[in-house]
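Below is one structure; the comments refer to it alone.
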Amino acid sequence: MSKADMLAGKVVVVTGAGGGIGRDIALAMAREGARVVVNDIGASVTGEGVDAGPTQAVVNEIRAAGGEAVASTDSVSQALSAQHIISAALGSFGRIDCVVNNAGILRDRFFHKMGDDEWDAVIKVHLYGAYHVSRAAAPHFKAQESGNYIHMTSTSGLIGNFGQANYSAAKLGVVALSKSIALDMLKFNVRSNCIAPFAWSRMIGAIPTDTPAEQARVDRIKQMTPAKIAPLAVCLASEAGRDANGQIFAVRNNEIFLISQPRPIRSVHRSEGWTPQAVASHALPALKASFFALDFSGDVFSWDPI
Numbered sequence: 267m268s269k270a271d272m273l274a275g276k277v278v279v280v281t282g283a284g285g286g287i288g289r290d291i292a293l294a295m296a297r298e299g300a301r302v303v304v305n306d307i308g309a310s311v312t313g314e315g316v317d318a319g320p321t322q323a324v325v326n327e328i329r330a331a332g333g334e335a336v337a338s339t340d341s342v343s344q345a346l347s348a349q350h351i352i353s354a355a356l357g358s359f360g361r362i363d364c365v366v367n368n369a370g371i372l373r374d375r376f377f378h379k380m381g382d383d384e385w386d387a388v389i390k391v392h393l394y395g396a397y398h399v400s401r402a403a404a405p406h407f408k409a410q411e412s413g414n415y416i417h418m419t420s421t422s423g424l425i426g427n428f429g430q431a432n433y434s435a436a437k438l439g440v441v442a443l444s445k446s447i448a449l450d451m452l453k454f455n456v457r458s459n460c461i462a463p464f465a466w467s468r469m470i471g472a473i474p475t476d477t478p479a480e481q482a483r484v485d486r487i488k489q490m491t492p493a494k495i496a497p498l499a500v501c502l503a504s505e506a507g508r509d510a511n512g513q514i515f516a517v518r519n520n521e522i523f524l525i526s527q528p529r530p531i532r533s534v535h536r537s538e539g540w541t542p543q544a545v546a547s548h549a550l551p552a553l554k555a556s557f558f559a560l561d562f563s564g565d566v567f568s569w570d571p572i
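Under our numbering, the first residue of the sequence shown carries the number 267, and numbering increases by one thereafter.
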């Protein structure tokens, strides 16, 4: 398979593609021969407002380079509008082969100050959005016995970060959603994987920088451009990525990581069973050496991007 036709004949939906990571993924998919539905409502980083301009600009850029694309400004956060996104692919190109769930917003707040509206808004776009668009595509993937999901997760959920309980919960939920899709739809030749991207974008620009550690983390992220995420996404969308299913990847500048998934690491048992006192005197002390540190994403990815 040559580079030029890696996605020839495939139709890809990219949500949140009006800018940042989504834009670069949409452009890269088109360069590899895919026909692309560029979806974005054109809202602010926090989810307010609507603007079709950025979405149409990406479509125009793809068409100017000789590719095929259509714009969709439907929201991912509601089932009916998510169905319209998939219908845009079917109506324009006759099929759907890949969904890239990239749309997102931020409403950062320390947990003890977080409001219900901030929680709901972020969960709606990230977790409900990934579900609604994926669910809308699922019957078509099942019928054609092929399909591909690529979901954006985050080390804020996989590891941890300040002031992002809503975002972290949603992004870790997306990981579980992806794994469930991979298991449930394996028999239909449908794949589902996650990417945790490190890239400077409008959304990352809203991360708090109130402490020196937070500022240092953001300074490192600024070195990484959204275009660095696209090659992995394109490969996963292609037949060349067929061996990857139910996996979690991370991309940080020129580095690609495979992220671990929860598995038992140590156990203790008592033949007579446990009492609360025995847990305190035996189980917790025995397991303590294997406890995980209360790390932030920046603690784990502490070296400068390569």
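In this text, a Cβ means the ideal position worked out from N, Cα and C, and glycines have one as well.
Contact check, residue i vs residue j, beta carbons under 7 Å
i              : j              : result
asparagine 367 : histidine 417  : yes
isoleucine 389 : alanine 348    : no
valine 336     : glycine 370    : no
leucine 372    : valine 302     : no
alanine 465    : proline 492    : yes
alanine 355    : valine 277     : yes
valine 280     : isoleucine 287 : no
lysine 494     : asparagine 511 : no
histidine 398  : alanine 345    : yes
asparagine 414 : alanine 503    : yes
isoleucine 351 : isoleucine 362 : no
glycine 285    : proline 320    : yes
isoleucine 572 : glutamate 505  : no
Residue i (DSSP reduced to helix, strand or coil)
i                 : result
glycine 539       : coil
glycine 381       : coil
valine 566        : helix
phenylalanine 464 : strand
alanine 335       : strand
leucine 524       : strand
arginine 518      : strand
asparagine 305    : strand
isoleucine 572    : coil
aspartate 271     : helix
isoleucine 291    : helix
threonine 421     : helix
aspartate 561     : coil
isoleucine 531    : coil
phenylalanine 494 : The amino acid occupying residue 494 in the given sequence is lysine; phenylalanine does not appear at that position. It is helical.
asparagine 511    : coil
lysine 488        : coil
threonine 477     : coil
glutamate 327     : helix
aspartate 450     : helix
glutamine 349     : helix
glutamine 344     : coil
alanine 369       : coil
Close beta carbons around residue i, own chain, < 6 Å, minus the five adjacent residues each side
i                 : result
glycine 507       : Cys501
glutamine 513     : Asn459
valine 566        : Ile425
serine 434        : Ser422, Gly423
alanine 549       : Val534
phenylalanine 562 : Gly426, Asn427
threonine 419     : Lys437, Val440, Val441, Cys460, Ala462
glutamine 322     : Ala337
lysine 408        : Phe454
glycine 333       : Ala296
arginine 289      : Ala283, Val324
alanine 516       : Ala462, Phe523, Ile525
Counterpart residues of residue i in DSSP-defined beta bridges
i             : result
glutamine 430 : Arg375
glycine 413   : Val456
cysteine 364  : Val278, Asn414
Close Cβ partners of residue i (< 7 Å) along its chain, the five nearest in sequence each way excluded
i            : result
tyrosine 394 : Ser343
glycine 429  : Asp374, Arg375, Phe376, Pro474
alanine 274  : Gly299
lysine 445   : Gly512
alanine 496  : Asp290, Ile291, Ala294
Contacts around residue i, its chain only, beta-carbon distance under 8 Å, and the 5 residues preceding and following it disregarded
i              : result
glutamine 481  : Thr475
alanine 318    : Gly308, Ala337, Thr339
alanine 499    : Ile291, Ala294, Met295, Val366, Ile416, Ile461
lysine 269     : Low confidence applies to lysine 269: its pLDDT is 45, below 50, so where it sits in the model is not reliable, and the reading given next is rough at best. Contacts found: Glu298.
isoleucine 531 : Ser556
glycine 360    : Val277
isoleucine 328 : Ala292, Leu293, Ala296, Val302, Val304, Glu334, Ala335
glutamine 410  : Arg361
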